[in-house]
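Residues -30 to -1, 1 to 187 (mature numbering (1 follows the signal peptide of the UniProt record, and there is no 0)) are what the sequence shown spells out, left to right.
Since the structure comes first, as structure tokens, the remarks are kept for the end.
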Amino acid sequence: MTRTPSILTDPRFFLILTILVLASIPAVSAFGAGNVPNWSFADGTSFRHGDLEDILVDLLKKTGGGLLSRGTKFSGLDVKRVYFGNWLRDYSQAMDVAALQKLKPVSILSIVMVLGFMAHGYVTEEFQVTDERLGVYLPTEHIDNPKGYADGKDARQFDPRLRGPVDPRELEIDPRSGMKNYIANESGNWDTSSALVRRTLTKCIEMGRRARQSGRA
């Protein structure tokens, strides 16, 4: 007797179900992804990641070349571009041990691509969610305490970009700063959030200079 495959065993069913569940999660009151609506009672008192990028519209993107030139301000599309990068860092947390143990990376990437289109209305070119742009979950990007990460396993067996086992010294307090070593003590053999911020800013500055020299900025 031939047994009919159950829909519950079809991986596509779980992919579609995951997308629907994520899309139906209610918005948080404050500091999640997105923006606090102007009509919300929390507007001006609570903030989400998108509200931080909204501040850019009041800043100069490029200074003027003369005394009377006021320079160029950030456009709405510029703000969307910046927020997209912030959004990717939020959703890179999907590419972590828990999900990678159950789903293929391409399945996780597909889910995030759909969520990206729902959040931004774009899916190509600058707003395309790629494996390189999404990356993986790294505690340093969120200043997260790595204690107990991956339950002691070497997460790199699931993706070589994930962090390795936790060094107990990372969790100790740096007497010079009063913060734990994984945050800003760069004298050890572990990565830190402060080092990540420095590398990222340096890379952005270098890319900006190259763009200006090439006439693209």
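All residues carry an ideal CB built from backbone N, CA and C; glycine is no exception.
Q.
Going by DSSP, what residue range makes up the alpha helix (DSSP H) through Val82?
A. It spans Pro75 to His90 - the alpha helix (DSSP H) in which Val82 sits, taken as one unbroken run.
Q. Skipping 5 residues on each side, what residues in its chain have a beta carbon closer than 8 Å to that of Asp101?
A. Excluding residues up to 5 positions away in sequence, Pro75 and Leu79 lie with their Cβ nearer than 8 Å to the Cβ of Asp101 in the same chain.
Q: Determine the contact status of Leu29 and Asp48, defining contact as a CB-CB distance below 8 Å.
A: It is not a contact, given that the beta carbons lie outside the stated cut-off.
Q.
Rounding to the nearest angstrom, what Cα-Cα distance links Lys50 and Ser62 in this structure?
A. Separation of Lys50 and Ser62 (C-alpha to C-alpha, rounded to the nearest whole angstrom) is 18 Å.
Q) What does a CB cutoff of less than 8 Å around Ile143 pick up in its chain, not counting 5 residues either side in sequence? A) The beta carbon of Ile143 is closer than 8 Å to those of Met149, Lys150 and Asn151 in its chain, skipping five residues each way along the sequence.
Q: Please name the residue or residues paired with Lys150 in a DSSP beta bridge.
A: Note: Lys150 is bridge-paired with Ile143 in the DSSP secondary-structure output.
Q: Can you give me the start and stop residues for the alpha helix (DSSP H) that Tyr119 sits inside?
A: It is not in any alpha helix (DSSP H) - Tyr119 carries neither H nor E in the DSSP assignment.
Q: Return the Cβ separation of Val106 and Tyr119 in integer angstroms, given the expectation that the two are a contact with Cβ distance under 8 Å.
A: Cβ-Cβ separation between Val106 and Tyr119: approximately 12 Å, too far for a contact (criterion under 8 Å).
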